[in-house]
Each structure stands twice: as structure tokens, then as C-alpha cells.
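First to last, the sequence lines map onto chains A and B. For the first sequence, the working numbering assigns the number 9 to the initial residue and increments by one for each residue that follows. For the second sequence, the working numbering assigns the number 9 to the initial residue and increments by one for each residue that follows. Some notes on the structure that comes next.
Number of protein chains: 2
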Amino acid sequence: MAVNTQFAIAVHVMAALGYRCDKDTTSGLLALSVNTSPSFVRRVLSKLSKAGLVETTTGKAGACWLAKEAKNISLLDIYRAVDAPKAFSIHTYPEQKPCAVSCNIKAALEKALTKTQKAMEARLDEITLASIISDMKK
Amino acid sequence: MAVNTQFAIAVHVMAALGYRCDKDTTSGLLALSVNTSPSFVRRVLSKLSKAGLVETTTGKAGACWLAKEAKNISLLDIYRAVDAPKAFSIHTYPEQKPCAVSCNIKAALEKALTKTQKAMEARLDEITLASIISDMKK
DNA sequence: CATAACTGTTACTAACATAGTCACAGTATA
DNA sequence: TATACTGTGACTATGTTAGTAACAGTTATG
Chain A
9 MAVNTQFAIA
19 VHVMAALGYR
29 CDKDTTSGLL
39 ALSVNTSPSF
49 VRRVLSKLSK
59 AGLVETTTGK
69 AGACWLAKEA
79 KNISLLDIYR
89 AVDAPKAFSI
99 HTYPEQKPCA
109 VSCNIKAALE
119 KALTKTQKAM
129 EARLDEITLA
139 SIISDMKK
Chain B
9 MAVNTQFAIA
19 VHVMAALGYR
29 CDKDTTSGLL
39 ALSVNTSPSF
49 VRRVLSKLSK
59 AGLVETTTGK
69 AGACWLAKEA
79 KNISLLDIYR
89 AVDAPKAFSI
99 HTYPEQKPCA
109 VSCNIKAALE
119 KALTKTQKAM
129 EARLDEITLA
139 SIISDMKK
């Protein structure tokens, strides 16, 4: 634990929704597949729903399903929806005034992070949920 | 805390070593710049040393310095040296036998992770320590 | 209308990774 | 011989995260 796996879990959930075409999938059913509690699944679904990737209904026959076709959803969409961690994280600390390195490294690191993040996101954008589901069926 | 920032700290340390060309930099001095303890800096230096990126001497005049020129060190070298976290992490859980998604999603996710990781590492490999130091001087 | 079964959300707990500290043996210099 | 480093192991504190419990709100159904 204590390591962020929400992105992977979100892809798992989305793949399950894409695999089952019916509109009768509940958080309880998804929870069985991911091996967690319905409540946790609903929290992930909530983010995906707010991002417009899934649609849900409440009430007795409550359920959820993909809001778009799997081929029109990229892993980047899911990555952004769950606000997954960046490519790497920069340490925070008080600048040590007399030290030029201490004062300027942060900006240099942020520039490097931006570049790296872009490369990573571009690749995620090329992978569709449909291709994940297709891989899964093999 | 509780979020892995060793890569950023390692780049900070390496940039400081590249900035100071002398061979008299101690872990205590680096610790001042990073605002942490000499001991923690030495643990990071230990990894960088094992990866052949820095050289160190023990004894009273103990110190450390870059093993190569900054222009010949990429951020990927540093990333690998400190064994920084992957682009994203995959959840682990017992497969639910009757569920095809549960049984096959992991392999599909690993394939996606490999692609994403490659893209990220390729970008890191294009950024040299020298360029970080140059950015820092602006 | 009453019941059942779901969602959506909040509050909480437990587990765990990480930064950070302390301590000390080993080593080189003066 | 004293000093001042490195290198490493053991430990602690802290913050993030998964996971759980609980409950109000909502809708289908008898």
C-alpha cells in the first residue's frame, strides 16, 4: 500500500466496463473483479464520472457504463481523470540563500519535469482503452 | 514526505557537484544545499557512486566529485542510479478466477507501462546534467 | 406507499513507504 | 594520536494511500 495505484485500478474498472457492454454493472460487481470494496470502486468511478468517461444512475437499479466508445478513450484521459502522480516528484525545502544551486535547481528541475511529463502523456494518449481490452482478450 | 523524491535530490546533488569543480565537496556541504542531513546525502551518494556517476574518497579529507563530465551524464543515468519509481504502478491483488478481466488486465497494463516507461526514459536520456547546470545559471 | 438496492460522499483506520536521524566502524590525513 | 571524513545499519516520525464503515439520497418494484 501507500503507493498510488488509482490509475491502474481506474484502467481495470474501465476495461471491465468496456468488456461488459450491458448497462447493469454495479460497483459491487466491479469490486469483486478488482478485489476491493464497492465503496473504493465508487470513489474511483466518481472521478471518472466527473471527467465524463463514465455515466452512472442512482437508485435501486443503479449502474455505470462507459460514456464513450472504448476506441475513443485513451489512457491519458483516464490518467488525467484520476489525477495520477507526475513522472517524478520534486523535493520541497527552504532555499539556502547563499547557495546558488539551492536557489535555482527547482526551476531547472521543473523544466525537466515538464518535458518528461509531456513525453509520457503523449505515449499514454496513443494507447486506447479498446487496445487494452483487445490485449486482454488474447 | 512519504513521496519518493530521491531522483530530484540526486539531480540536485549532481548539479551541485558539477557546479563546484573542486574535489573537496563533502556530504555535509551538500546537505546544507539540499537542507537535509549529511547521512541522507551519503545514502544517495552511495547509489550514485555504485552507478559510476560520482567518485568518493574516505578518510579525513573525504570528498566526492563527478566521475564524468556533466555533458556526458544524462538524467536517465541518474534516474536509473537511484532506482526511482516507474511511470505508474500496477495494483497487486489475487486474481478472481471466474472473471476474465481480473485475470488478464495485469498483462495488458504491464504492456502499457513498458511503452510509457520507454517514452519517459527516452526523454530523460536527452536531458544532460550540463543542461540542468546551464539552466540553473540563468 | 413501503421496501429494497443501489450511488455518492464523508469520516475514519490501518498499512506502509519514505525522509530523516542517530550511531558507529572504517579510513585517511596531519 | 587526534581529527574528520565516508559508508552503512538500525531506528523513528510522518504523510500518503488503500481500504472500511456508515449514512443520506435516489429510484425501481411489489
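Glycine included, C-beta positions come from ideal geometry on N, C-alpha and C. Computed from a predicted model, the values in this text were never measured in an experiment.
Between the Cα of residue i and those of the options, spot the shortest distance and give me the residue it belongs to.
i	options	result
Glu77 (chain A)	A:Arg51, A:Ala10, A:Asp30 and A:Asn112	A:Asp30
Lys55 (chain A)	A:Thr44, A:Ala130 and A:Ile17	A:Ile17
Leu117 (chain B)	B:Leu37, B:Ser97, B:Tyr87 and B:Val62	B:Ser97
Met128 (chain A)	B:Ile141, B:Ala108, B:Ala95 and B:Cys107	B:Ala95
Apart from the five residues on each side of it in sequence, which residues of its chain come closer than 7 Å, Cβ to Cβ, to residue i?
i	result
Gly60 (chain A)	Ala75
Val52 (chain A)	Gln14, Ile17, Ala18, Val21 and Val90
Trp73 (chain B)	Leu25, Lys31, Thr33, Val62 and Glu63
Val49 (chain B)	Val21, Ser35, Leu38, Ala39 and Val42
Thr65 (chain A)	Ala71
Which partner residues does residue i have in the DSSP bridge list?
i	result
Glu134 (chain B)	Glu134 (chain B) is not bridged to any residue.
Glu63 (chain B)	B:Trp73
Thr34 (chain A)	Thr34 (chain A) is not bridged to any residue.
Ser82 (chain B)	B:Thr136
Who are the Cβ neighbours of residue i in its own chain at under 6 Å, not counting the five residues just before and after it?
i	result
Leu83 (chain A)	Leu132 and Ile135
Glu103 (chain A)	Ser110 and Cys111
Tyr87 (chain B)	Phe15 and Leu132
Pro93 (chain B)	Asn12
How many Å lie between residue i and residue j at the Cα?
i	j	result
Met9 (chain A)	Tyr101 (chain B)	11 Å
Ala24 (chain B)	Asp85 (chain A)	38 Å
Lys105 (chain B)	Lys126 (chain A)	38 Å
Ser139 (chain A)	Leu37 (chain B)	51 Å
Asn12 (chain B)	Ala69 (chain A)	43 Å
Lys79 (chain A)	Lys146 (chain A)	17 Å
Ile113 (chain B)	Lys119 (chain A)	34 Å
Ala27 (chain B)	His99 (chain B)	Note that residue 27 (chain B) is Tyr in the sequence shown, not Ala. When rounded, the distance between both Cα atoms is 40 Å.
Gly67 (chain B)	Thr44 (chain B)	22 Å
Lys123 (chain B)	Lys123 (chain A)	17 Å
Compute the distance between the beta-carbons of residue i and residue j, then report whether it is under 7 Å.
i	j	result
Ser35 (chain A)	Pro46 (chain A)	yes
Cys107 (chain A)	Ser142 (chain B)	no
Ile81 (chain A)	Leu137 (chain A)	yes
Quick one: does the C-beta of residue i sit closer than 6 Å to a heavy atom of the ligand SAH?
i	result
Pro106 (chain B)	With respect to small molecules bound, the structure shown includes none, and the ligand SAH cannot be examined in it.
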